[in-house]
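Participant: This is the structure, below, for whatever I ask next.
Numbering (this note's numbering), first residue to last: 215 to 809.
Shown next as structure tokens:
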């Protein structure tokens, strides 16, 4: 193993010649990824019944330096064991950023010393008269606390261990604490704290970290239907609270021996109308002559950003932070130029096709912002892939299957509109493209798993895997050939060949790794497709190489049923049912073949 100064960050060379293995690497990450590739070759050989690796020469480097996964543990809680398994697979597939959404309206998921109410109240859901004891149920979490995945939190020691675990795998943890919207769990927890100390006649302590104006008459509705999920940004206690939380997180990273480099403040989906009916905010605006209700939130974002910058921490958030906040809410396409020059990285997410914001990530990059593409139309793992009611996920950003995600060219999302596909109707000659001089501002891409519908580990695994692998392919591998000449007469043919190579590699080889490594995951086994013509059964699969078994009597196939290998004759009287299986014998959902 040789450190090679001529190689770039994360770059490596792996040469396997006869019985000799040579590794040249640029840095710790490059060495780690070289060993990963060697391990993958060994796993492939083992799964294919061999102890021998053929000669290989691999020279590899990532396309993007930011290759991330986002996990929401607020809507439904997943603890250290599941998070560490995810980190293992992230490292295995050479992903290097883990964006952990710790708080949201439905749950506060981390212990903060000195503020026990955040977890005593904000981490639990169940029936309650006034939410002084815990939050209301949400997403089917049930009537009692500590049931299902609605309740739970990371202890301080557990979070420190997760930070260490990630760092050992060259993964940076980016914590997200939502501000000022999506903050209902924190707001209710601090209101409970307020009333507790008020009953003890300790007004100073009651108001010390209060996040709401209890006399606020503002009328608003958030994207998720809440009318009380926004922090009051006119109270000093709100900023004292945020400073307290930031400092405690900073100390946790410090105790893990890892620097807190990047903090994500959320900032998305702020409902219009918040604070307008707040007496405290009205007084704040009256006293501060340069501040109006129109720039109130801009002022608050600046305070938080500067607070973090003073601690030498980079600040990021959803793109909404940098947009003009108005009555059109999430439909805004106007960038707030008052933020020009501020040190802030937008994660650009809201780009559903036809919404008018498909090119927003390039607008930000061209203005000089470092950007992360987090497209809901491609990289939101909780989007369902079709109309099948048995599939998990939502559809507000469209239906997103594995090929749709793979077709996304990060530096030109409109590339897929040149294909003969449903995307063709979205071709837009007036869209903003990436300025070649600004490409260095495009740091990379991130896949998101929001957990509103993720009520158990089975759903978690199905939505996370193999979406994570498709994301890793787009983040690491170089630009696909079909995107390099969009006017080529053969563009669809070139694309089909490249997709076929990828999906066959995935189905025949890589998916098997998911079953056997790191205690295994129950990755998605899509329903096979089939039809009968001239008494002959024809079958295909999303992932070539998956075992498809079928029954002839209408029963749900098991791992002992007949394996489909090629077109086969069936009788008109037979009722054919198909089902996919992985290498362990685990079956997916079945489908009845129509006659």
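Every residue gets a Cβ at the ideal spot worked out from N, C-alpha and C, and that includes glycine. These figures come from a predicted structure and were not determined experimentally.
Would you call the region 793-803 and the region 749-762 in contact, with 3 or more CB pairs under 8 Å?
Facilitator: yes
Participant: Do residue 316 and residue 287 count as a contact pair if the criterion is CB distance below 9 Å?
Facilitator: Start at 1 with the first residue of the chain shown, and residue 287 comes out as number 73. Start at 1 with the first residue of the chain shown, and residue 316 comes out as number 102. Cβ distance < 9 Å, so residue 287 and residue 316 count as in contact.
Participant: Once the 5 residues before and after residue 406 are set aside, which same chain residues still bring their CB inside 6 Å of it?
Facilitator: Numbered from 1 along the chain shown, position 192 holds the residue referred to as residue 406. Contacts found: 331, 335 and 346.
Participant: Between the region 695-702 and the region 743-758, can you find at least three pairs of beta-carbon atoms closer than 8 Å?
Facilitator: no
Participant: Classify residue 742: buried if its beta carbon has 16 or more other beta carbons within 10 angstroms, exposed otherwise.
Facilitator: In the chain shown, counting from the first residue as 1, residue 742 sits at position 528. Under this definition residue 742 is a buried residue.
Participant: Could you tell me how far apart the beta carbons of residue 355 and residue 362 are, in whole angstroms, since I believe they sit closer than 8 Å?
Facilitator: The residue you call residue 355 lines up with position 141 of the chain shown. The residue you call residue 362 lines up with position 148 of the chain shown. 5 Å between Cβ atoms; contact.
Participant: Checking 9 Å against the spacing of the C-beta atoms, do residue 424 and residue 397 come in under that value?
Facilitator: As a first step, residue 424 is located in the chain shown; it is residue number 210 there, counting from the start. As a first step, residue 397 is located in the chain shown; it is residue number 183 there, counting from the start. No, the Cβ-Cβ distance between residue 424 and residue 397 is not below 9 Å.
Participant: Does the distance from the CB of residue 536 to the CB of residue 632 come in under 9 Å?
Facilitator: In the chain shown, the residue the question calls residue 536 occupies position 322. In the chain shown, the residue the question calls residue 632 occupies position 418. In this structure, residue 632 does not lie closer than 9 Å to residue 536 by Cβ.
Participant: If you draw a straight line from the C-alpha of residue 503 to the C-alpha of residue 418, how long is it?
Facilitator: Within the chain shown, residue 503 is the residue found at index 289, counting from 1. Within the chain shown, residue 418 is the residue found at index 204, counting from 1. Each residue's alpha carbon lies about 28 Å from the other.
Participant: Determine the burial state of residue 493: buried for a count of at least 16 other Cβ atoms within 10 Å of its Cβ, exposed for fewer.
Facilitator: Within the chain shown, numbered from 1, the residue matching residue 493 stands at position 279. The residue is exposed, with fewer than 16 neighbouring Cβ atoms inside 10 Å.
Participant: With distances taken between CB atoms, is the gap from residue 525 to residue 460 smaller than 9 Å?
Facilitator: Position 311 of the chain shown, counted from the start, is the residue given in the question as residue 525. Position 246 of the chain shown, counted from the start, is the residue given in the question as residue 460. Yes.
Participant: Mapping the DSSP letters down to three states, classify residue 620 as helix, strand or coil.
Facilitator: Along the chain shown, one-based indexing puts residue 620 at 406. Helix at residue 620.
Participant: Relative to the alpha-carbon of residue 662, which residue among 607, 644, 637 and 705 has its alpha-carbon at the smallest distance?
Facilitator: Here residue 662 refers to the residue found at position 448 of the chain shown. Ranking 607, 644, 637 and 705 by Cα distance to residue 662 puts 607 first.
Participant: Could you check which residue in 770, 510 and 230 has the C-alpha nearest to that of residue 497?
Facilitator: Taking the chain shown and counting its residues from 1, the one referred to as residue 497 is at position 283. Ranking 770, 510 and 230 by Cα distance to residue 497 puts 510 first.
Participant: Between which two residues does the alpha helix (DSSP H) holding residue 247 run?
Facilitator: If you number the chain shown from 1, residue 247 lands on position 33. It spans 242-261 - the alpha helix (DSSP H) in which residue 247 sits, taken as one unbroken run.
Participant: Which whole runs of the beta strand (DSSP E) in the region 456-533 are 3 residues long or more, in chain order?
Facilitator: 476-478 and 528-532
Participant: Report the option in 444, 390, 229 and 435 whose CA atom is closest to the CA atom of residue 480.
Facilitator: In the chain shown, the residue the question calls residue 480 occupies position 266. Ranking 444, 390, 229 and 435 by Cα distance to residue 480 puts 390 first.
Participant: Please report the straight-line C-alpha distance between residue 265 and residue 250, rounded to a whole angstrom.
Facilitator: Taking the first residue of the chain shown as 1, we reach residue 265 at position 51. Taking the first residue of the chain shown as 1, we reach residue 250 at position 36. Here the alpha carbon of residue 265 sits roughly 17 Å from the alpha carbon of residue 250.
Participant: So who's on the other strand from residue 563, going by DSSP bridges?
Facilitator: In the chain shown, residue 563 corresponds to position 349, counting from 1. DSSP output for residue 563 lists no bridge partner at all.
Participant: Helix or strand or just coil, what does DSSP make of residue 690?
Facilitator: Within the chain shown, numbered from 1, the residue matching residue 690 stands at position 476. Residue state, collapsed to three classes: helix.
Participant: With which residues is residue 280 paired in a DSSP beta bridge?
Facilitator: Reading the chain shown from its first residue, position 66 is the one you call residue 280. Note: residue 280 sits in a beta bridge opposite 658.
Participant: Going by CA-CA distance only, name the one from 719, 462 and 685 that's closest to residue 324.
Facilitator: Start at 1 with the first residue of the chain shown, and residue 324 comes out as number 110. Comparing Cα-Cα distances from residue 324 to each of 719, 462 and 685, the minimum goes to 462.
Participant: Have a look at residue 814 and residue 232 and give me their C-alpha separation to the nearest angstrom.
Facilitator: In the structure displayed, the chain extends from 215 to 809; residue 814 sits before or after that span and is not available.
Participant: Relative to the C-alpha of residue 225, which candidate in 248, 597 and 235 has its C-alpha closest?
Facilitator: If you number the chain shown from 1, residue 225 lands on position 11. Considering only alpha carbons, the answer is 248.
Participant: Taking 8 Å as the cut-off, is the C-beta of residue 641 nearer than that to any heavy atom in the ligand SAM?
Facilitator: Ligands are entirely absent from the displayed structure, and the ligand SAM is therefore not among its contents.
Participant: Looking only at its chain, what residues have a beta carbon closer than 6 Å to the beta carbon of residue 674, apart from the 5 residues adjacent to it on each side?
Facilitator: Within the chain shown, residue 674 is the residue found at index 460, counting from 1. Cβ neighbours of residue 674 beyond the five flanking positions: 668.
Participant: State the CB to CB distance for the pair residue 376 and residue 387, rounded to an integer number of angstroms; the pair is presumed to be in contact (CB under 8 Å).
Facilitator: Indexing the chain shown from 1 puts residue 376 at position 162. Indexing the chain shown from 1 puts residue 387 at position 173. With a Cβ gap of about 7 Å, residue 376 and residue 387 count as contacting.
Participant: Rounding to the nearest angstrom, what Cα-Cα distance links residue 729 and residue 703 in this structure?
Facilitator: The sequence position of residue 729 within the chain shown is 515, counting from 1. The sequence position of residue 703 within the chain shown is 489, counting from 1. Approximately 41 Å between the Cα atoms of the pair.
Participant: What is the rounded straight-line gap between the Cα of residue 732 and the Cα of residue 379?
Facilitator: Within the chain shown, numbered from 1, the residue matching residue 732 stands at position 518. Within the chain shown, numbered from 1, the residue matching residue 379 stands at position 165. So the two alpha carbons sit approximately 14 Å from each other.
Participant: Do residue 283 and residue 828 count as a contact pair if the criterion is CB distance below 9 Å?
Facilitator: There is simply no residue 828 to check, as the chain begins at 215 and stops at 809 in what is shown.
Participant: Alpha carbons only, please: which of 746, 364 and 358 is nearest the one belonging to residue 320?
Facilitator: The count along the chain shown starts at 1 and reaches residue 320 at position 106. Selection 746, 364 and 358 evaluated against residue 320 yields 364 as nearest (Cα-Cα).
Participant: Under three-state DSSP, which class holds residue 305?
Facilitator: Mapped onto the chain shown, residue 305 falls at position 91. Three-state DSSP puts residue 305 in a helix.
Participant: How would you label residue 778, buried or exposed, when you count the other beta carbons within 10 angstroms and need 16 or more for buried?
Facilitator: Working through the chain shown from its first residue, we reach residue 778 at position 564. Burial call: buried.
Participant: Residue 804 by DSSP, collapsed to three states: which one?
Facilitator: In the chain shown, residue 804 corresponds to position 590, counting from 1. Residue 804 falls in the coil class under three-state DSSP.
Participant: For residue 275, collect the residues of the same chain with a Cβ closer than 7 Å to its Cβ; drop the 5 residues on either side in sequence, then sort them by chain order.
Facilitator: Locating residue 275 in the chain shown gives position 61, where the first residue counts as 1. Excluding residues up to 5 positions away in sequence, 222, 224 and 225 lie with their Cβ nearer than 7 Å to the Cβ of residue 275 in the same chain.
Participant: My output table needs one value for residue 574: the three-state DSSP class, helix, strand or coil.
Facilitator: Counting from one through the chain shown, the residue named residue 574 turns up at place 360. In the structure shown, residue 574 sits in a helix (DSSP, three-state: H, G or I).
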